[in-house]
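Student: Each protein sequence line maps, in turn, to chains C and P.
Take this note's numbering: the last position of the first sequence gets the number 301, and nothing is skipped along the way.
Take this note's numbering: the last position of the second sequence gets the number 290, and nothing is skipped along the way.
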Amino acid sequence: MTAVHLSVRDLTKRFHLHLLGGKTVVGFEGISFDVAEGEFVGLAGPSGSGKSSLLKAIYGSYLVQAGTLLYRCIDGSIVDLATADDETKLALRRREIAYVSQFLRPAPRVKAIDLAARPLIAQGVDEAEARERIATLFDRLRLPRDLWESYPVLFSGGEQQRVNLARAIASRPRLLLLDEPTSALDPSLQQTVVHLLAEERSRGVTMIGVMHDETLLSRLADEVVRLDRGRLAQAGVASAQWN
Amino acid sequence: MNVAPAGPWALRVVGLGKWFGPGCDACLAETGPEAGRSTCPRCGTVVACAGVSFDLRPGGVLGIVGESGSGKTTVLRCLNGDLTPSEGIALLGSVGGGERDIFTVSSQERRQIRNFHLGMVYQSAREGLNLRISAGGNIAERLLAAEWREVAAIRRRALTLLERMEVPRSRMDQPPATFSGGMQQRVQIAKAIANGPSVVLLDEMTSGLDVSVQAGVLDLIQEIQRAERMAMLVVSHDLGVVRLLCERTIVMKNGRIVEAGLTDQILEDPQHPYTQLLVSSINA
Ligand SMILES: Nc1ncnc2c1ncn2[C@@H]1O[C@H](COP(=O)(O)OP(=O)(O)OP(=O)(O)O)[C@@H](O)[C@H]1O
Ligand SMILES: [Mg+2]
Ligand SMILES: [Zn+2]
Chain C
59 MTAVHLSVRD LTKRFHLHLL GGKTVVGFEG ISFDVAEGEF VGLAGPSGSG
109 KSSLLKAIYG SYLVQAGTLL YRCIDGSIVD LATADDETKL ALRRREIAYV
159 SQFLRPAPRV KAIDLAARPL IAQGVDEAEA RERIATLFDR LRLPRDLWES
209 YPVLFSGGEQ QRVNLARAIA SRPRLLLLDE PTSALDPSLQ QTVVHLLAEE
259 RSRGVTMIGV MHDETLLSRL ADEVVRLDRG RLAQAGVASA QWN
Chain P
7 MNVAPAGPWA LRVVGLGKWF GPGCDACLAE TGPEAGRSTC PRCGTVVACA
57 GVSFDLRPGG VLGIVGESGS GKTTVLRCLN GDLTPSEGIA LLGSVGGGER
107 DIFTVSSQER RQIRNFHLGM VYQSAREGLN LRISAGGNIA ERLLAAEWRE
157 VAAIRRRALT LLERMEVPRS RMDQPPATFS GGMQQRVQIA KAIANGPSVV
207 LLDEMTSGLD VSVQAGVLDL IQEIQRAERM AMLVVSHDLG VVRLLCERTI
257 VMKNGRIVEA GLTDQILEDP QHPYTQLLVS SINA
């Protein structure tokens with residue numbers, strides 16, 4: 059029996075748009091599912107169904123109106139991410155939870171390798187080792203070496219995406235949130251990323267991922283949670299065998 | 007040299023208020039974001055800020071954003087001792103075990119706090135620097151105030167700091183009056199951090215600069231913040247600046263905090279009508 063890593067219960071997100079006369083938009087409503095330690099849960103559903111919103115709510119970029127997000131920390135304590143204070147969320151982001159968004163918003167004058175190494179250095183890893191770990195991942199993701207010391211603001215979408223992935227994976231999170239991590243990549247790089255994520259998973263990293271390519275998703279996911287217009291359409295369908 | 011803070015926060019501010027004018031019973035009710043004004047219509051008192059409370063963790067970077075006149079600078083000036091607050095408490099983790107209200111200490115102790123524990127970067131270099139004495143001299147002045155006595159050590163420290171802020175060695179003995187705006191701000195930053203403060207207060211430090219120069223200054227400040235692990239309070243009306251520098255952000259309007267949260271949450275899921283307006287105007 060593996061322990062539950064994250065338990066999502068009756069989670070509801072609504073946006074109150076004050077500039078549009080107080081109009082309310084539903085991000086998602088009444089979502090419940092569990093994610094076991096070391097499991098890959100895929101999020102699927104049509105565009106606008108609430109997948110990205112759900113990931114952002116787990117990461118803390120979106121505030122929810124109802125429900126709980128019970129998260130088991132490395133020391134076994136349980137934190138409700140839905141109501142945790144900012145410092146708790148920041149501490150978890152530094153140590154346990156990483157998020158790969160589709161787009162990187164890079165600082166203007168920071169080199170790719172330094173940008174990716176920052177979370178590691180913040181964790182206390184020494185600079186040489188941090189750069190070493192990033193270099194290994196950059197090679198693995200076939201990011202051309204002449205880009206390593208260049209500025210990601212100038213990179214293509216696919217290049218930025220690889221910097222983003224390396225940054226998140228290198229920090230060795232316990233929970234990795236992935237929003238379309240392969241969308242800007244060509245098929246051969248997509249395979250590389252799938253292999254890399256599969257390795258992380260076999261190392262015990264828990265992942266929740268949105269991928270609109272269902273073939274890729276089924277190769278990674280132990281379970282798929284399906285959303286439709288912000289509601290749970292189907293959950294807990296085992297869609298892949300591992301190994 | 008760094009003054010290590012004792013508490014879980016480097017700075018704690020509770021109920022800070024500052025008003026200009028006689029004040030009356032209606033001042034607080036008649037001003038603020040709902041009223042949409044900072045001046046009391048009954049007595050003419052300006053409530054520059056009221057009820058401002060927040061914690062800043064050691065090594066953390068907190069942003070304060072809001073329109074001009076919302077009270078951001080007043081908060082910084084009260085903390086730095088440039089203004090005397092009307093009410094409230096401020097604790098520094100590095101002073102008196104975090105139990106001493108720095109607003110009520112003697113003026114002599116206030117000076118000590120300013121010389122050893124705080125650093126401030128002003129919007130205008132003219133306020134933060136003596137433009138007529140050399141760049142190195144400006145830093146030396148700050149170090150002398152922090153009781154550095156050895157000339158060689160002072161010179162070494164000034165040189166190291168200026169080099170880290172990418173001010174060429176050849177400019178060290180020249181007065182900042184002859185420098186570009188970006189370089190003046192970099193000298194100001196070097197001066198503000200020279201004494202190894204636990205908290206640095208930065209007021210619109212890049213707002214007068216070209217975008218490309220801005221990027222350079224922001225990058226350097228970020229680098230040095232990481233290296234020295236100082237806590238920073240960054241005031242800006244530019245959400246791009248806080249996005250880059252700050253992990254948490256406070257939004258102010260008409261002297262009050264209307265919203266506080268993780269910076270990405272403030273930018274991606276703003277709750278207060280005013281924050282939604284602020285965010286929509288930069289994303290547009
Ligand atoms: N910051 C926001 N403010 C207001 N409404 C939002 C915000 N973010 C998302 N929404 C709304 O919430 C709903 C869910 O959006 P979300 O981005 O989560 O969908 P998604 O499933 O990730 O879609 P896609 O597959 O197109 O990426 C949509 O109606 C969207 O317009
Ligand atoms: Mg999406
Ligand atoms: Zn009044």
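Ideal placement from N, C-alpha and C gives every residue a C-beta, glycine not left out.
7 Å is my cut-off, CB to CB: does residue 221/P come that close to chain C?
Tutor: yes
Student: For residue 209/C, go through chain P and note every residue whose CB falls closer than 8 Å to its CB, in chain order.
Tutor: Near residue 209/C there are no residues of chain P at all, since even the closest Cβ is about 10 Å away, more than 8 Å.
Student: DSSP on residue 139/P, reduced to helix/strand/coil?
Tutor: coil
Student: Check for me: the beta strand (DSSP E) holding residue 82/C runs from which residue to which?
Tutor: Residues 81 to 94.
Student: Can you tell me where the alpha helix (DSSP H) with residue 187/P in it begins and where it stops?
Tutor: 187 to 199
Student: Report all residues from its chain with a CB closer than 6 Å to the CB of residue 11/P; omit the five preceding and five following residues, and keep chain order.
Tutor: At residue 11/P, the pLDDT of 47 sits below 50, so the modelled position is not reliable; the number obtained from the coordinates is stated separately. Taken in chain order, the residues that qualify are 64, 99, 100, 204.
Student: I'd like the span of the beta strand (DSSP E) that includes residue 73/C, first residue to last.
Tutor: Residues 62 to 75.
Student: Any chance you could list the alpha helix (DSSP H) runs of at least 4 consecutive residues sitting entirely within the segment 226 to 265 of chain C, in chain order?
Tutor: Those alpha helix (DSSP H) runs which fall completely within the segment 226 to 265 of chain C and span 4+ residues are 245 to 260.
Student: Exposed or buried, residue 134/C, counting other C-beta atoms within 10 Å across all chains shown (16 or more means buried)?
Tutor: Residue 134/C comes out exposed.
Student: Can you find a C-beta in chain C that's less than 7 Å from the C-beta of residue 253/P?
Tutor: yes
Student: In or out: residue 197/P buried (at least 16 other Cβ within 10 Å) or exposed?
Tutor: buried
Student: Measuring only the C-alpha atoms, how far is residue 179/C from residue 253/P?
Tutor: 16 Å
Student: Using a C-beta to C-beta distance shorter than 7 Å, which residues of chain P count as neighbours of residue 167/C?
Tutor: Under the 7 Å cutoff, chain P gives 221, 222, 225.
Student: For residue 148/P, which residues in the same chain have their Cβ closer than 7 Å to its Cβ, ignoring the five residues on either side in sequence?
Tutor: 197, 200, 201
Student: Under 8 Å, with one C-beta from each stretch per pair, do the segment 227 to 237 of chain C and the segment 202 to 215 of chain C reach the 3-pair mark?
Tutor: no
Student: For the candidate residues 277/C, 272/C, 181/C, whose alpha-carbon lies nearest to that of residue 36/C?
Tutor: Lying before the first or after the last residue shown, residue 36/C is absent from chain C, which here runs from 59 to 301.
Student: Can you find a CB in chain P that lies within less than 7 Å of the CB of residue 77/C?
Tutor: Judged by the 7 Å Cβ criterion, residue 77/C is in contact with chain P.
Student: Does the beta-carbon of residue 38/P have 16 or more other beta-carbons within 10 angstroms, so that it is buried, or is it exposed?
Tutor: Its Cβ being crowded by 16 or more others within 10 Å, residue 38/P is buried.
Student: Within 7 Å (strictly less), CB to CB, does residue 129/C reach chain P?
Tutor: no
Student: Report the CB separation of residue 334/C from residue 157/C in whole angstroms; it is logged as a contact under 8 Å.
Tutor: Since the first and last residues shown for chain C are 59 and 301, residue 334/C lies out of range.
Student: Between residue 283/P and residue 187/C, what straight-line distance do the alpha-carbon atoms span, to the nearest angstrom?
Tutor: 44 Å
Student: For residue 17/P, count the other beta carbons within 10 Å of its own beta carbon; 16 or more makes it buried, fewer makes it exposed. Which is it?
Tutor: buried
Student: At least one CB of chain P closer than 7 Å to the CB of residue 301/C: is that the case?
Tutor: Here the model assigns residue 301/C a pLDDT of 30, short of 50, so the residue's position is not dependable and the matter cannot be decided.
Student: Is residue 96/P closer than 7 Å to residue 206/P when the C-beta atoms are compared?
Tutor: Pairing residue 206/P with residue 96/P gives a Cβ-Cβ distance that is not under 7 Å.
Student: Using a cut-off of 8 Å between C-beta atoms, extract the partners of residue 274/P located in chain C.
Tutor: 114, 119, 120
Student: Candidates 104/C, 112/C, 244/C: which alpha carbon is nearest residue 70/C's?
Tutor: With distances taken between Cα atoms, residue 70/C lies closest to 112/C.
Student: Considering only heavy atoms of ligand 3 and the C-beta of each residue, which residues fall inside 7 Å, strictly closer?
Tutor: 29/P, 30/P, 32/P, 33/P, 36/P, 46/P, 48/P, 49/P, 51/P
Student: Mind checking residue 260/C: buried by the 16 CB within 10 Å criterion, or exposed?
Tutor: With a threshold of 16 other beta carbon atoms within 10 Å, residue 260/C falls short and is exposed.
Student: Taking the DSSP output, what are the residues bridged to residue 99/C?
Tutor: For residue 99/C, which the question treats as bridged, DSSP gives the partners 266/C, 281/C.
Student: According to the neighbour-count rule (16 or more other Cβ atoms, all chains shown, within 10 Å of its Cβ), is residue 68/C buried or exposed?
Tutor: The residue is exposed, with fewer than 16 neighbouring Cβ atoms inside 10 Å.
Student: Can you tell which of 279/P, 137/P, 135/P, 229/P has the C-alpha that lies nearest to the C-alpha of residue 173/C?
Tutor: 229/P
Student: How is residue 268/P classed by DSSP in three states: helix, strand or coil?
Tutor: strand
Student: Would residue 234/C pass as a contact of residue 100/C if the rule is Cβ separation under 7 Å?
Tutor: For residue 234/C and residue 100/C, no; Cβs fall outside 7 Å.
Student: Applying the 10 Å Cβ sphere with the 16-neighbour rule, what's the burial state of residue 291/C?
Tutor: exposed
Student: Interface residues of chain P around residue 69/C at Cβ under 7 Å?
Tutor: In chain order: nothing, as chain P lies at least about 14 Å away.
Student: Using a 10 Å radius around the Cβ and a threshold of 16 neighbouring Cβ atoms, would you call residue 258/C buried or exposed?
Tutor: In summary, residue 258/C is buried, with 16 or more beta-carbon neighbours lying within 10 Å of its beta-carbon over all protein chains present.
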